[in-house]
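To start, the structure under review is shown below, and the notes come after it.
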Ligand SMILES: Nc1ncnc2c1ncn2[C@@H]1O[C@H](COP(=O)(O)OP(=O)(O)OP(=O)(O)O)[C@@H](O)[C@H]1O
Ligand SMILES: Nc1ncnc2c1ncn2[C@@H]1O[C@H](COP(=O)(O)OP(=O)(O)OP(=O)(O)O)[C@@H](O)[C@H]1O
Ligand SMILES: [Mg+2]
Ligand SMILES: [Mg+2]
């Protein structure tokens, strides 16, 4: 891609003179096999400051954060802590020097309790003669949980918490530094908000602001408005280099977008003009559908070419509903008709058979086989169609895969690259390619843009528009209401397992967010 | 949330329920089963698998596997037989000899761990190699013969009793206690679970992953050495076949107890239950008069039944 | 062929493993013989794996170009046929012991298949059972530990036991369990019996010494050492010592030292022209060797002659222990 | 050590490492004992590897999926017993019968594993016990030697074709079929997908259970075939005929570089692995390695071979 746009403004120099930065990277370089992840990056974080970090998928944000937190070591360049050169040989080393991190991927161990997770790697303070005093540890963990206003027993196993709660626990974990490390802290937040609802985001932001007396923060998010809201100063990264540094007060979303992607934000972000009215053909019909305590009495019709957005908070039953339609949790009451035939989807295989494709929220677990090549992932759901006399037609497979890679503009070195090595947005495109290749008529999109940068999001939106234009029906649950409204023809709101509201959302009739929120809580 | 935790509890009790059921059935068929004498014998039969199971549990909790059980045990038993008062040489190191044997066990485990971690070779293969090496070395030391142990202290483990149970059983219970403390009250124990739950995540939390692995293998090696001491005490001799057949019993016991081979789930207490299930099953088979040639088959079916009854299907969505 | 006819043939023992005293002693006998004629000596072990055993033998045949003598205790009786066939094809001479199919005969592979040596399990299994029966005064309960079920010696020894019992109706066989020649398993089975039969057990018959010694240990741990009579078979050193101490009532010594050396000697003399196998009578081709029954009466003497000192063997006395042709 | 490994990191080189290891071992033994490189010796080596390879091939299918099959040696022994018992009466149908029994046993292991959700380690260990008991009972606990007339049916196993032993040809046919199954059919692809990421495969509509059951069927039927070949080689059947072949088979799979946790591997690797095991074993005999040192050398060489052959870049975490 293109070379860095502008050198970092010299404003930095003057500021440094005033107070030494709490933490700084000076001319840091980092390479992975085949990837130059960080190119001569210099940034600094001043005491009490919240620094925003934005950039496309793969721009190098997480790599930078991991260098700051001791997970990776730079190939060259220096790390300055309070103006002194230092090295972090490991994550625990960085922690002991006051650097804490909330990782982008969910990083709680689900087989341990919340309390154990919070102090994992940090039990020493509760250890006497090698024996851990669990009572003290859990009491301390309770105090940490209270900080992030999570009302959970620290003895709960982490996998009994939902994603949002886990994210808050991770924050609580990073905040243990407050007690453990002397002096000024730097807390690195890598996309902490991507799984959070607005209310929880508010808690998080309040917490960050309250802590500024003791800590500086780096905040990474793909939601540019949030970055503008929370940060004092913003670094923009592109292709491994810092291409701009600006004060948040003087920046706006359009400008950030331009700096990140190299082109302007399209006025029509959700491609609304491309939204066509859907067809009459009903592909999926739910009639009084019910599943245990999860949801009940769900009825709607999904038409070819329609995007049906489902809004609702955690626990509203929308997650279970999408899992039912994808074949993971068969309903136990009511009727479900696919293309006019009554079905009960007991396994994803049965769902695939009736034309359903599922784009899961946990892309790296359920979406892709990370250790298989791109081509194998694309054809995985429809190998039958590639099989001649029992054998896979590998030539045809290659052709198809290359075709999809081209059509969806998947950025990959080749179709034989392991999916593991693709960026989030490109991984998501491969998931979509898989279902398009299987000729799915019904796509269940579960948070399809989670973790994607604005540019990648736009491409995914465009893709969704394109497939619906060809008659594919979509059921969408999304991270933000804005996205749900922007994309959908119809929006359903669920609360406590039932539909509380349904509204038309075709262009020109888009409902307001506040109206929907009223039905959600 | 509380509901979820209760479900977990019940699932981990399931093996115990299976054990009680099994004991009930055997007692119905042969009331001798519940005599004190038989309980002592079951405890004698269980003491070695229990000690070995403690070591293997830690390894399996990490998601690894240890096939060097027999190698470690055999080498330890043989070296012990050469160090304490015996029928082949003039050595009489006594307790000090036991200590040396424990160090040998630790050395075997440490070697496993270091090769596994530093050369990044799957534990399956490293420990398979160590199995051959351990038994081979024991064999080379003995030159094929067997050495009788005459040390009264060692023999006492199998013969002398305290509160009706042989000392070896108390040693095994001591090992259980040590294992429980390590599992529940030390950082090593916690880190072992963490590695089993997700090694990359554990590393991100600053856990020295490689060191934990090496330590766990070393610890397991020590347990196998204790198993070797008990086995030598029980048979009154050291020979190169003393470990034969113990590996699969050990792993079966661990899994029957409900510890997942994929790591992260289970505990040494569950292994105690698993060991008892396996030992009671073997004991009961004889008591119930099952013909020898079908015993192993019946045992297989019973183990399938036991595991089917006691596995927590909710937690283990993926079973490999 | 690479090897010159003038070269001394390599002498090879193929046995189950070197981790049991029986075969370890066998191996010593083989080494002693090799030394006596100045031949190269090779030991092969099957580790209980028939495929490995056969493959190793074929490797030796290839390596020596057939200029070798093999004395083999096949892992399982079926193994004997491919071993003999391979030896014949390579021109090597072979002696088998213990295991071979009933319809495989040395005289069908003249001259390469020199002889098969076995020890009838039946009379010795019976003798041990009778030792026990005498010891317990002609009546009482007895339990028995058997070897690997498909194994010929295990089957024969069990048959001897049954014959003895048939002749003594007052002695009851409480249970027969298979412990696969293994001490560990024998210990477990004995433990279970102690529960099941308690004081009904007066004697334990074991198909080999390892199992018998394990039974003794189980009794000792249960506080019954000396109260129950036990016999083994094989005559390993520890068993003889146990008889001396009065812990074991009897065993049978096959003299593995003799087996390891004499098997080679027979083959070696045939190979080097000492005699022509095809001219020997059938009872020199398929014969029972002589076992020595050891009880408290002769244990000390046996110990002195065979264990305390290196046994003295006349390796040229090749037919000295023939006790008759094998009957199938 | 590490830098040397680094230079070998590129995919093209890495792929050939197992084969290179094998060739180096062969040359090594051959240097000291030229008789080892004799065509006949090498053919002998190939025939001696056939049974091991067939067993290992079967278990490769299961290992690719992330499971394990510990019942193969009992299955092979049972198969030998069944053939030996029925050959006189039914002729060639005896082989079909034994093979069918393999299919059935695999079906049962597979179903016990997926339906009852029992780890394959335990399910197949237990199944192995059941099969062993079945072999003991049907053979009445002894080995069954085949008579002259029955041995006539074994020509297809014991004979040679253009100087190549038939067992080698049988092994090559197994290799060809297994290779195609593994690399060219949906089943092979699904196995890799399940081994590398079961949740994603499941969510993509792969019938995970069915693939797993099929893998166990393949494994057990390969074991049955191995048993049949053993009957040919030993002219008899016995409940312990295939004893001690389990671990070498699994070791062959792993030594070839297939990941024991599944997802990565191939039949080619298993072939090379089986040959490495044979070469090391027979090579020690050829080189005259002290009998007491053999087990130690064997263990060390196995570990060293794996250190070279496994492809760490495709295994997320080495466990
Ligand atoms: N461990 C690694 N090995 C090889 N390449 C890596 C590794 N980690 C990151 N990369 C590569 O380095 C580049 C930067 O990745 P990084 O994760 O820092 O991006 P990011 O800005 O955090 O993206 P996102 O917004 O998707 O989180 C990418 O091309 C990525 O593929
Ligand atoms: N929620 C889940 N997430 C991931 N994997 C799952 C989940 N539920 C089940 N599995 C896995 O999928 C397998 C179950 O597959 P499934 O029952 O769908 O096969 P199937 O299509 O029914 O096969 P068959 O047609 O032969 O019955 C199990 O092996 C289990 O490990
Ligand atoms: Mg990132
Ligand atoms: Mg199903």
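Residue numbers (my numbering), protein chains in the order written: chain A, 150 to 670; chain B, -1 to 318; chain C, 3 to 330; chain D, 11 to 329. Where a beta carbon is used, it is the ideal one built from N, C-alpha and C, also for glycine.
Round the Cβ separation of residue i and residue j to the nearest angstrom and send it over; I've been treating them as touching at under 8 Å.
i                     : j                     : result
residue 677 (chain A) : residue 524 (chain A) : No statement about residue 677 (chain A) is possible, as the shown extent of chain A runs from 150 to 670 and does not include it.
residue 242 (chain C) : residue 157 (chain C) : That belief does not hold up - the Cβ atoms of residue 242 (chain C) and residue 157 (chain C) are roughly 25 Å apart, past 8 Å.
residue 94 (chain B)  : residue 215 (chain B) : Not quite, the Cβ-Cβ distance comes to about 25 Å (not below 8 Å), so this is no contact.
residue 297 (chain A) : residue 320 (chain A) : 5 Å
Are any of the Cβ atoms in chain C nearer than 7 Å to that of residue i?
i                     : result
residue 137 (chain B) : yes
residue 29 (chain D)  : no
residue 224 (chain D) : no
residue 45 (chain B)  : no
residue 160 (chain D) : no
residue 123 (chain B) : no
Within 7 Å of any Cβ in chain A, is that where the Cβ of residue i sits?
i                    : result
residue 24 (chain D) : no
So with CB distances below 8 Å, who are the chain D contacts of residue i?
i                     : result
residue 501 (chain A) : 214 and 215
residue 583 (chain A) : 214
With a Cβ-Cβ cutoff of 7 Å, do residue i and residue j count as a contact?
i                     : j                     : result
residue 167 (chain D) : residue 242 (chain D) : yes
residue 119 (chain D) : residue 295 (chain B) : no
residue 143 (chain C) : residue 204 (chain C) : yes
residue 488 (chain A) : residue 438 (chain A) : no
residue 247 (chain D) : residue 180 (chain D) : no
residue 60 (chain D)  : residue 177 (chain D) : yes
residue 207 (chain B) : residue 132 (chain D) : no
residue 312 (chain A) : residue 344 (chain A) : yes
residue 184 (chain D) : residue 64 (chain D)  : yes
residue 116 (chain D) : residue 252 (chain D) : no
residue 421 (chain A) : residue 656 (chain A) : yes
Give a yes or no on whether 7 Å exceeds the smallest Cβ distance from residue i to chain B.
i                     : result
residue 311 (chain C) : no
residue 23 (chain C)  : yes
residue 669 (chain A) : no
residue 202 (chain C) : no
residue 317 (chain D) : yes
residue 254 (chain D) : no
Starting from residue i, find everything on chain B with Cβ-Cβ shorter than 7 Å and list it in chain order.
i                     : result
residue 244 (chain A) : 204
List the residues of chain D that residue i touches, going by C-beta distances under 9 Å, in chain order.
i                    : result
residue 65 (chain C) : 43, 45, 46, 51, 295, 296 and 298
Run through chain B and tell me which residues come within less than 9 Å of residue i, C-beta to C-beta.
i                     : result
residue 248 (chain A) : Near residue 248 (chain A) there are no residues of chain B at all, since even the closest Cβ is about 11 Å away, more than 9 Å.
Beta-carbon of residue i versus every beta-carbon of chain D: anything under 7 Å?
i                     : result
residue 177 (chain C) : no
residue 187 (chain B) : no
residue 573 (chain A) : no
Kindly list, in the order they appear in chain C, the residues whose Cβ is closer than 8 Å to that of residue i.
i                     : result
residue 320 (chain B) : Within the shown structure, residues of chain B are numbered from -1 to 318, placing residue 320 (chain B) beyond reach of any answer.
residue 245 (chain B) : Those do not exist, as residue 245 (chain B) stays about 12 Å from chain C at its closest Cβ, beyond 8 Å.
Which residues in chain D have a C-beta closer than 7 Å to the C-beta of residue i? List them in chain order.
i                     : result
residue 297 (chain B) : 139
Whole alpha helix (DSSP H) elements within the stretch 69 to 125 of chain B, 4-residue minimum: 93 to 116
Beta strand (DSSP E) runs contained entirely in the stretch 170 to 252 of chain C, provided each spans 3 or more residues: 173 to 180, 203 to 208 and 231 to 233
Completely contained beta strand (DSSP E) runs for the stretch 175 to 236 of chain B, where each covers 3 or more residues: none
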